[in-house]
């Protein structure tokens, strides 16, 4: 049995709480948070508290708060005997000052309220300073995921950057495409089979080999027509810059 | 029975040929192309020809060649009685000069050599000038796809632009993420569950509501760290521009 206190009440806290609660060898003893209404989500299944002086003893304290609040929350755990970890992609291990038992438990996924996640396929990136703590994190991570990896702070920082490209920026491209469709009274759904194929191709091809389109062919005529179609200044700039980057990648100069 | 001659030997020609060949009410009589080695793909299942004076009679001529070659290929069909269509996203219907029976048969999908496509879910965008021709295209399209739509030349032009964003540009973001992973000796596959979730979210949310990340939050500290991590000038510019576009979309100025 691994006993856990979760600090934080956001999306990551909720999703971790739910998956841990389904597991008979994990006991979430308590959830701490500053926001009483958010705490109510956890109320029937664990102790809840807004007061950091009331924190219970546990094997593991999981800090799942916004990046800039991590150091402050970590300070409230200085006298605890358990291992203290955060769940952030971009915060280094050593941001957990004053804790000598410290680590990271970073699930590489985008969590949204109300969307269920199959944790079995979520890569869990763990890091710890000593072997015993690493073993505990390995055991916990493997109990919920089939993809557990030991990842250094530097590697994790790069993963977080890469995640911004494949998730945040990709979604913005979808948003632009959505607006282009709306202008012509076309439903965005008409693009979804293409979107799915763009991703499914990656099972077979690396992105370099999967690239197609006017920029790769350096098809200036089509690029010119497309730029002319775009009225929004940002979207026009994005089209031009991404086309330039693709063309140069394939040895051509726009 | 609908009789068809396909003009062209590229990816679209191959994929259409394969799906038509599986259908008992469609007969691909002939495939024409300039490239003898590409023609060999079709050899055992239809007549093949490199000579446009040898084209057979058919209900429908499908021009599946590169955009700039469409007018020239269309001219070789002036004396044919059948309907002449092209398969391009960006070429207007009236580019098929001198044909009074003309139309468009545009499958909105990215076709790669060797990758099988489930045509049932591929949106087929059709256009024709007269009702009888439209009926023929409807019948043909519905025999291979569950998603057939009448789309004007203007709408198709916008769809093609939107497709560049969700396919070509999205793939380039994957390529950048791949390079970031390689620098840290991490496999790109670690990002795939996140990539899949980015797309699966669209079944439930519009892109505007699915957006997350530092740019939406206007988290200048994280943005600054990420920009510092990127060494490639194009990738740095792409990060800055996409972040600016996202922040402005959510009412913030970077």
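Chains as they are written, first to last, in my numbering: chain A, 1 to 254; chain S, 1001 to 1254. From the three backbone atoms N, C-alpha and C, an ideal C-beta is built for every residue, glycine too. Source: prediction; values computed, not measured.
{"Item": "Answer yes if the region 14–32 of chain A comes into contact with the region 138–156 of chain A, meaning at least three C-beta pairs across the two stretches below 8 Å, and no otherwise.", "Value": "yes"}
{"Item": "Please classify residue 1221 (chain S): is it buried, with 16 or more other beta-carbons within 10 angstroms of its beta-carbon, or exposed?", "Value": "exposed"}
{"Item": "Mapping the DSSP letters down to three states, classify residue 111 (chain A) as helix, strand or coil.", "Value": "coil"}
{"Item": "How is residue 1229 (chain S) classed by DSSP in three states: helix, strand or coil?", "Value": "helix"}
{"Item": "Cβ of residue 1257 (chain S) less than 8 Å from any chain A Cβ?", "Value": "It is not possible to answer for residue 1257 (chain S), since the shown part of chain S is limited to 1001 through 1254."}
{"Item": "Who are the neighbours of residue 1069 (chain S) on chain A, taking C-beta pairs under 7 Å?", "Value": "The contacting residues do not exist; residue 1069 (chain S) stays about 13 Å from chain A at best."}
{"Item": "Relative to chain A, which residues along the region 1161–1186 of chain S have a C-beta separation below 7 Å, given in chain order?", "Value": "1161, 1162, 1163, 1164, 1165, 1166, 1167, 1168, 1169, 1170, 1171, 1172, 1173, 1174, 1175, 1176, 1177, 1178, 1180, 1181, 1183, 1184 and 1186"}
{"Item": "Are the beta-carbon atoms of residue 97 (chain A) and residue 85 (chain A) separated by less than 8 Å?", "Value": "no"}
{"Item": "Alpha carbon to alpha carbon, how far is residue 196 (chain A) from residue 1192 (chain S)? Give it in angstroms, no decimals.", "Value": "12 Å"}
{"Item": "Would residue 1158 (chain S) and residue 54 (chain A) be called neighbours here (beta carbons separated by less than 8 Å)?", "Value": "no"}
{"Item": "Note down the Cα distance separating residue 248 (chain A) from residue 1224 (chain S), rounded to an integer number of angstroms.", "Value": "25 Å"}
{"Item": "Output needed for residue 77 (chain A): all residues of its chain with C-beta closer than 7 Å, excluding positions within five of it in sequence on either side, in chain order.", "Value": "61, 84 and 99"}
{"Item": "Note down, in chain order, all residues in the region 98–129 of chain A with a beta-carbon under 7 Å from any beta-carbon belonging to chain S.", "Value": "108, 109, 110, 112, 115, 121, 122 and 123"}
{"Item": "Label residue 1187 (chain S) either buried or exposed according to how many other C-beta atoms from any shown protein chain fall within 10 Å of its C-beta, with 16 as the threshold for buried.", "Value": "exposed"}
{"Item": "Below 8 Å, can you find three or more Cβ-Cβ pairs linking the region 1063–1072 of chain S to the region 1116–1123 of chain S?", "Value": "no"}
{"Item": "Any C-beta of chain S sitting closer than 8 Å to the C-beta of residue 198 (chain A)?", "Value": "yes"}
{"Item": "If we define contact as Cβ-Cβ less than 8 Å, is residue 1195 (chain S) a contact residue for chain A?", "Value": "yes"}
{"Item": "Run down chain S in chain order and give the residues with a C-beta less than 9 Å from the C-beta of residue 201 (chain A).", "Value": "1110, 1112, 1115 and 1171"}
{"Item": "Using a Cβ-Cβ cutoff of less than 7 Å, which residues in the same chain neighbour residue 14 (chain A) once the five nearest sequence positions on both sides are dropped?", "Value": "41"}
{"Item": "Could you check the C-alpha separation between residue 46 (chain A) and residue 12 (chain A) for me, to the nearest Å?", "Value": "16 Å"}
{"Item": "Thinking just about the alpha-carbon of each residue, which of A:9, A:219, A:114 and A:43 is nearest to the one in residue 35 (chain A)?", "Value": "A:9"}
{"Item": "Leaving out five residues before and five after residue 59 (chain A) in sequence, what residues of the same chain have Cβ atoms less than 8 Å from its Cβ?", "Value": "2, 3, 4, 82, 83 and 136"}
{"Item": "Give the single residue among A:243, A:88, A:161 and A:31 whose Cα lies nearest to the Cα of residue 1230 (chain S).", "Value": "A:161"}
{"Item": "Could you please tell me which residues of the region 140–159 of chain A, in chain order, have their CB closer than 8 Å to any CB of chain S?", "Value": "147, 149, 151, 154, 155, 157, 158 and 159"}
{"Item": "In chain S, what lies closer than 9 Å to residue 63 (chain A) by C-beta?", "Value": "Simply none; closest approach about 17 Å."}
{"Item": "Tell me the residue span of the beta strand (DSSP E) that contains residue 47 (chain A).", "Value": "47–49"}
{"Item": "Residue 82 (chain A) touches chain S at which residues, Cβ-Cβ below 9 Å?", "Value": "Simply none; closest approach about 28 Å."}
{"Item": "Tell whether a beta-carbon distance below 8 Å holds between residue 1164 (chain S) and residue 214 (chain A).", "Value": "yes"}
{"Item": "Along chain S, in chain order, which residues have C-beta atoms closer than 9 Å to that of residue 90 (chain A)?", "Value": "1214, 1222, 1225 and 1226"}
{"Item": "Residue 16 (chain A) versus chain S: which residues are under 7 Å apart at the beta carbon?", "Value": "Those within 7 Å of residue 16 (chain A) in chain S number zero; the least Cβ separation is about 16 Å."}
{"Item": "Report yes if the CB atom of residue 177 (chain A) is closer than 8 Å to the CB atom of residue 1166 (chain S), and no otherwise.", "Value": "yes"}
{"Item": "For residue 53 (chain A), name the three-state secondary structure that DSSP assigns.", "Value": "helix"}
{"Item": "Out of A:216, A:88 and A:131, which has the shortest C-alpha to C-alpha gap to residue 124 (chain A)?", "Value": "A:88"}
{"Item": "Taking only three categories from DSSP, how would you classify residue 250 (chain A)?", "Value": "coil"}
{"Item": "Can you look up residue 1185 (chain S) in the DSSP assignment and give me helix, strand or coil?", "Value": "coil"}
{"Item": "For the candidate residues S:1169, S:1049 and S:1154, whose alpha-carbon lies nearest to that of residue 185 (chain A)?", "Value": "S:1154"}
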